[in-house]
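Undergrad: Got a structure here, written out as structure tokens. Questions coming.
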Amino acid sequence: MDHRLVSTTTATIFAAWLAGCMAISPLHPFDKTIPEETSQAGRLLFLAEDIAGRGETQTALALLDRAGELASDDAMLHTRLGDAYLRLGENERAERAYATAVDLKPADATALLGLGSAKLRRGETTQAVALIAAAAPQVGTATAYNRLGIAYTLAGRLTEAEAAYRKALALDAADLDIKTNLALVTALARRDAEAQALIAEVVAHPTAQQRHHRARVLVLGLTDKAAEVRKTQERRLDPRDVDKLLSQARKIATSGDAKARALALGAVMI
Numbered sequence: 005m006d007h008r009l010v011s012t013t014t015a016t017i018f019a020a021w022l023a024g025c026m027a028i029s030p031l032h033p034f035d036k037t038i039p040e041e042t043s044q045a046g047r048l049l050f051l052a053e054d055i056a057g058r059g060e061t062q063t064a065l066a067l068l069d070r071a072g073e074l075a076s077d078d079a080m081l082h083t084r085l086g087d088a089y090l091r092l093g094e095n096e097r098a099e100r101a102y103a104t105a106v107d108l109k110p111a112d113a114t115a116l117l118g119l120g121s122a123k124l125r126r127g128e129t130t131q132a133v134a135l136i137a138a139a140a141p142q143v144g145t146a147t148a149y150n151r152l153g154i155a156y157t158l159a160g161r162l163t164e165a166e167a168a169y170r171k172a173l174a175l176d177a178a179d180l181d182i183k184t185n186l187a188l189v190t191a192l193a194r195r196d197a198e199a200q201a202l203i204a205e206v207v208a209h210p211t212a213q214q215r216h217h218r219a220r221v222l223v224l225g226l227t228d229k230a231a232e233v234r235k236t237q238e239r240r241l242d243p244r245d246v247d248k249l250l251s252q253a254r255k256i257a258t259s260g261d262a263k264a265r266a267l268a269l270g271a272v273m274i
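Residues in the sequence shown are numbered consecutively from 5, following our numbering.
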């Protein structure tokens with residue numbers, strides 16, 4: 005199964021989610037004081053993550069499923085299972101793992117953030133916003149606020165989305181994915197010069213990736229600078245890819261006011 009998102013526009017807008025914003029910290033060192041069956045689950049989880057890193061997805065999923073059966077009442081392990089499933093694009097499995105963690109430990113902000121993230125991936129935007137908005141201030145990381153910004157963007161709440169992205173950047177000013185998301189939401193709000201300046205900073209950075217250059221095309225398309233895209237054609241992008249992005253940008257830009265444009269964007273992302 006191909007776990008990539010289905011459209012170029014989707015992949016562009018979800019740059020932060022699929023890369024930086026969904027990066028999950030590695031397992032804590034194995035704790036020999038926890039029950040033996042949970043310890044075995046931890047070992048399986050560690051092994052599954054290593055195997056997934058080598059591209060053996062189906063083997064990794066089998067190990068993760070078995071780890072879930074052995075994790076018993078360990079909320080932390082169920083949360084980490086959710087993280088692992090989410091990285092592999094297994095959103096339904098991730099939601100189940102996070103939900104188990106929340107059932108075991110209802111006040112755990114990390115599990116709530118994961119559950120909200122899985123629901124957002126599955127298009128359950130209203131529930132996702134409520135969960136992530138509750139969890140993000142408690143988790144207090146750039147990743148958490150970036151996810152909150154994505155949730156608000158998909159809900160058409162651009163002012164709140166921008167505020168969340170700015171909090172994320174205050175915590176990690178070097179994160180290109182967060183800055184890309186801020187540029188996109190600023191473009192949706194038609195603060196064109198600001199959006200163009202933000203995305204220019206991103207693509208000028210030596211570590212900018214192809215997804216950031218795709219985002220530049222979309223931002224310029226949303227801010228009536230399609231001609232500039234043609235003039236400064238990205239060598240690393242397929243011209244057909246550029247055409248699709250500009251076409252999608254035109255559709256979004258003509259969808260109405262800022263909220264309507266955000267909802268139009270959401271319609272192609274979920």
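Glycine included, each C-beta is placed from N, C-alpha and C at the ideal position.
If we call anything under 9 Å between Cβ atoms a contact, is Gly160 one with Asn185?
TA: It is not a contact, given that the beta carbons lie outside the stated cut-off.
Undergrad: Excluding the 5 residues preceding and the 5 following Asp261 in the sequence, name in chain order all residues of the same chain whose CB lies nearer than 6 Å to its CB.
TA: none
Undergrad: Across the segment 125–133 and the segment 225–242, are there enough close Cβ pairs to call them in contact, namely three or more that are closer than 8 Å?
TA: no
Undergrad: Would you report the Cα separation of Pro30 and Ala56, rounded to the nearest angstrom?
TA: Per-residue confidence for Pro30 stands at a pLDDT of 36, beneath the threshold of 50, marking its modelled position as unreliable; the derived number appears in the next sentence. One C-alpha to the other measures close to 13 Å.
Undergrad: Could you round the C-beta distance between Arg265 and Leu192 to whole angstroms and report it? I think they count as a contact, below 8 Å.
TA: The C-beta distance from Arg265 to Leu192 rounds to 5 Å, short enough to meet the 8 Å contact threshold.
Undergrad: When the Cα of Thr222 is compared with those of Glu73, Leu65, Ala204, which residue comes out closest?
TA: Per the sequence shown, the amino acid found at residue 222 is Leu instead of Thr. Checking every option, the nearest Cα to that of Leu222 belongs to Ala204.
Undergrad: Does DSSP classify Asp69 as helix, strand or coil?
TA: helix
Undergrad: Taking only the alpha-carbon atoms, compute the straight-line gap between Glu166 and Gln44 and give it to the nearest angstrom.
TA: Put simply, the backbone Cα of Glu166 is about 43 Å away from that of Gln44.
Undergrad: Can you tell which of Gly118, His216, Val206, Lys248 has its C-alpha closest to the C-alpha of Thr147?
TA: Gly118
Undergrad: Which residues in the same chain have their Cβ closer than 6 Å to the Cβ of Gln142, if we skip the five residues on either side of it in sequence?
TA: Ala113
Undergrad: Could you work out which residue in Ala105, Ala155, Glu53, Arg125 is closest to Ala75 when comparing CA atoms only?
TA: Ala105
Undergrad: My understanding is that Ala71 touches Leu90, with C-beta atoms under 8 Å, so please give their C-beta distance in whole angstroms.
TA: Not quite, the Cβ-Cβ distance comes to about 15 Å (not below 8 Å), so this is no contact.
Undergrad: Counting only the same chain and skipping the five closest in sequence on each side, list residues whose C-beta sits under 6 Å from that of Ala155.
TA: Excluding its 5 nearest sequence neighbours in each direction, Ala155 has C-beta neighbours in its own chain below 6 Å: Leu124, Ala132, Val133, Ile136, listed in chain order.
Undergrad: Could you work out which residue in Glu94, Lys109, Glu96, Glu164 is closest to Met80 when comparing CA atoms only?
TA: Lys109
Undergrad: For Gly225, which option in Asp78, Leu241, Arg100, Asp196 has the closest C-alpha, if you only look at C-alpha atoms?
TA: Asp196
Undergrad: Are the beta-carbon atoms of Ala98 and Ser121 separated by less than 9 Å?
TA: yes
Undergrad: Ignore the nearest five residues each way along the sequence and tell me which others in Lys36's own chain have a CB closer than 8 Å to its CB.
TA: Low per-residue confidence applies at Lys36: pLDDT is 44, beneath 50, and the placement is therefore not dependable enough to give any value.
Undergrad: Compute the Euclidean distance between the alpha carbons of Ala199 and Ala212, then round it to the nearest angstrom.
TA: 17 Å
Undergrad: Measuring alpha carbon to alpha carbon, tell me which of Arg126, Leu158, Asp107 ends up nearest Leu267.
TA: Checked all of Arg126, Leu158, Asp107; the closest Cα to Leu267 is Leu158.
Undergrad: Just how far apart, CA to CA, sit Ile256 and Arg47?
TA: 46 Å
Undergrad: Could you pull out every residue in the same chain whose Cβ sits closer than 6 Å to the Cβ of Ala187, ignoring the five residues on either side in sequence?
TA: Result list for Ala187: Ala199, Leu202, Ile203, Val223, in chain order.
Undergrad: Roughly how many angstroms lie between the CA atoms of Asp107 and Arg126, to the nearest whole one?
TA: Rounded to whole angstroms, Asp107 to Arg126 spans 20 Å at the Cα level.
Undergrad: Excluding the 5 residues flanking Leu162 on each side, which residues of the same chain have their C-beta closer than 8 Å to its C-beta?
TA: Tyr156, Val189, Leu192, Ala193, Ala262, Lys263, Ala266
Undergrad: Kindly indicate the opening and closing residues of the alpha helix (DSSP H) around Thr114.
TA: 113–125
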